[in-house]
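For the sequence shown, position 144 (counting from the first letter as 1) is numbered 143 according to numbering that gives the first Met the number 0, and the numbering increases by one without interruption.
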Amino acid sequence: MERVKLGFVGLGRIFRLGYRRWLGRWARATGGQVSVAALSDINPDAGRRYESALGARFFEDPMELLESGLVNAVVISTPNWAHREQVEAAARQGIHVLCEKPMARTYEECRSMNEACSSAGVTLQVSFMRRFSPAIQKIKSMMDSEALGEIIEMNCNWPYFLADLDSPPWSDAAQLIERITGYSIDREWGAWRLKDPRCGGGDFLDHGPHICDLFTWFNGRISHVSAESRVMAPGRNEDFTCCRIKFENGAFGSITTTLFDHSAGINGRVTGFIRGRRGRINFVFPNTNYFLPIYFTHYGETGFTAGELARALGVRIPAPHFFPYVNLFKAQLEHFCSGLLGIRKPHPLFGMHDFAANGADGAYTIKIVEAAYRSAASPPMWVAV
Numbered sequence: 000m001e002r003v004k005l006g007f008v009g010l011g012r013i014f015r016l017g018y019r020r021w022l023g024r025w026a027r028a029t030g031g032q033v034s035v036a037a038l039s040d041i042n043p044d045a046g047r048r049y050e051s052a053l054g055a056r057f058f059e060d061p062m063e064l065l066e067s068g069l070v071n072a073v074v075i076s077t078p079n080w081a082h083r084e085q086v087e088a089a090a091r092q093g094i095h096v097l098c099e100k101p102m103a104r105t106y107e108e109c110r111s112m113n114e115a116c117s118s119a120g121v122t123l124q125v126s127f128m129r130r131f132s133p134a135i136q137k138i139k140s141m142m143d144s145e146a147l148g149e150i151i152e153m154n155c156n157w158p159y160f161l162a163d164l165d166s167p168p169w170s171d172a173a174q175l176i177e178r179i180t181g182y183s184i185d186r187e188w189g190a191w192r193l194k195d196p197r198c199g200g201g202d203f204l205d206h207g208p209h210i211c212d213l214f215t216w217f218n219g220r221i222s223h224v225s226a227e228s229r230v231m232a233p234g235r236n237e238d239f240t241c242c243r244i245k246f247e248n249g250a251f252g253s254i255t256t257t258l259f260d261h262s263a264g265i266n267g268r269v270t271g272f273i274r275g276r277r278g279r280i281n282f283v284f285p286n287t288n289y290f291l292p293i294y295f296t297h298y299g300e301t302g303f304t305a306g307e308l309a310r311a312l313g314v315r316i317p318a319p320h321f322f323p324y325v326n327l328f329k330a331q332l333e334h335f336c337s338g339l340l341g342i343r344k345p346h347p348l349f350g351m352h353d354f355a356a357n358g359a360d361g362a363y364t365i366k367i368v369e370a371a372y373r374s375a376a377s378p379p380m381w382v383a384v
């Protein structure tokens, strides 16, 4: 491909936080190799605003964008219930796809999306942007080199605090803010993802796939899960899940997601560790973008500073933005476009040309989530993935 003509379907929270700040400048800096050609969203006000800023044509109907002939690659950041229809429509038009997570609501929907893209010969990349964190990439290289020895345990806890916006006093405050400023906390913070039955699940479906992807990228497939879920705020699909996991290679661990951790805040705080026979890695997001504590039995190496990671990978740390993951979205899109252009270079740490999550990776995370939900819906039991 000589030129990537990008379309963006969905201009909501992910687009605003992940792409808006740098997209236009970045596209212009490619010297014509990448352009932002078209945009689509159900909110025409947002669409017209970005249309002017990016010099792209706006469509209220995403299908019109996909059938316009203006784009040959598309970033889909709509609610997960729309992903299958939009990805398959893009594939029919020969358009390559970068699809936001969760990839879809069910494994069956993912399977259908993968078949459509494979038949059409188009790329399907799934937006697990944490693979593009320098510290996560360092962990991946260490796991591949077996630096920690046999992996015994992997653990991750991902808490947020998102108040019950349907009950006082939070509902009163949210209504007052929206009445005075027009700012909808429910919409802008993405609280609808927890309540809309079309989502197909709750917080574990929304955030769990990120951790499932990293853990399986690091340590191979998960064989069994045993989970328990709770609804902390009435009306939500699910907002607290603790999932124990067993890997095919004998390691075990757990993944916990919750929206009721009062210390975490709205941006969340991911903490976890990987325990091996010869060492241990601790990780904290977003702080893992700055420092990665690593401990070995000989105590001679205790970590990699931000500067060392930055020099090794040619990135800026910390990210110069309020939203801590902006640089990861940028690196992910650069990876997507460089692959389409045929100019992608091997990774400096582990040499892989393509280390982004593909459709099969995305589908497998949904398979794990489905197994966890089956386990949580029955008496405590282990369920095969």
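Using N, Cα and C, we set each Cβ at its ideal position, and we do this for glycine too.
Close Cβ partners of residue i (< 6 Å) along its chain, the five nearest in sequence each way excluded
i, result
"ARG276", "GLY148 and GLU149"
"ARG243", "SER225 and SER253"
"ALA355", "GLN124 and HIS334"
N-terminal and C-terminal residue of the beta strand (DSSP E) that residue i is part of
i, result
"CYS242", "239–246"
"ALA411", "This structure does not reach residue 411, given that the chain is present from 0 up to 384, and the question cannot be answered."
"ASN281", "278–284"
"ARG274", "269–275"
"SER222", "221–229"
"ASN154", "150–158"
"ARG56", "56–58"
Assumed close pair residue i, residue j - CB separation to whole angstroms, cut-off 8 Å
i, j, result
"CYS116", "ALA90", "5 Å"
"ASP238", "LEU193", "6 Å"
"ASN156", "THR29", "Rounded, the Cβ-Cβ distance is 39 Å, inconsistent with contact."
"PHE14", "SER76", "6 Å"
"LEU339", "ALA72", "6 Å"
"LEU5", "VAL33", "6 Å"
Extent of the continuous alpha helix (DSSP H) to which residue i belongs
i, result
"HIS206", "202–218"
"LEU193", "191–194"
"PHE131", "First-last for PHE131: undefined, no H or E at that position."
"CYS116", "106–119"
"ALA362", "358–375"
"SER51", "43–53"
"SER170", "169–180"
"GLY17", "12–17"
DSSP three-state assignment for residue i, whether helix, strand or coil
i, result
"LYS344", "coil"
"ILE254", "strand"
"PRO317", "Low local confidence applies: a pLDDT of 48 at PRO317 is under 50, so the model's placement there is unreliable, with the coordinate-based value given in what follows. The answer is coil: DSSP assigns PRO317 none of H, G, I, E or B."
"GLY23", "helix"
"LYS137", "helix"
"GLU66", "coil"
"TYR298", "Bear in mind that the predicted position of TYR298 carries a pLDDT of just 47, short of 50, making it too unreliable to give a figure here."
"GLN124", "strand"
"LEU327", "helix"
"HIS95", "strand"
"GLY350", "coil"
Nonlocal neighbours in the same chain, by C-beta distance under 8 Å from residue i, ignoring five residues either side
i, result
"TYR385", "Given that the chain is displayed from residue 0 to residue 384, the structure contains no residue 385 and the question cannot be resolved."
"TRP169", "ALA162 and ASP163"
"GLY219", "PHE246, GLU247 and ASN248"
Residue of the options minimising C-alpha distance to residue i
i, options, result
"SER144", "PHE349, GLY249, GLU369 and PRO196", "PHE349"
"GLY9", "GLY278, MET128, PHE272 and GLU50", "GLU50"
"ARG229", "ARG220, LEU22, PHE259 and ALA88", "PHE259"
"LYS366", "GLN32, GLY267, THR215 and PHE282", "THR215"
"PHE272", "ALA263, LYS329 and VAL283", "VAL283"
"PRO158", "GLN92, GLY267, PHE217 and TYR106", "GLY267"
"GLU108", "GLY93, GLY199, ASN154 and ASN42", "GLY199"
"TYR372", "HIS223, ASN326 and ARG274", "HIS223"
Contacts around residue i, its chain only, beta-carbon distance under 7 Å, and the 5 residues preceding and following it disregarded
i, result
"PHE321", "With a pLDDT of 46 at PHE321, under the threshold of 50, the predicted position of this residue should be treated as unreliable, and no value is reported."
"LEU328", "Correcting the residue identity first, residue 328 is Phe in this sequence and not Leu. So the list reads GLY17, TYR18 and MET128, once near-sequence residues are dropped."
"ASP212", "PHE127, ALA356, ASP360 and THR364"
"PRO43", "GLU59"
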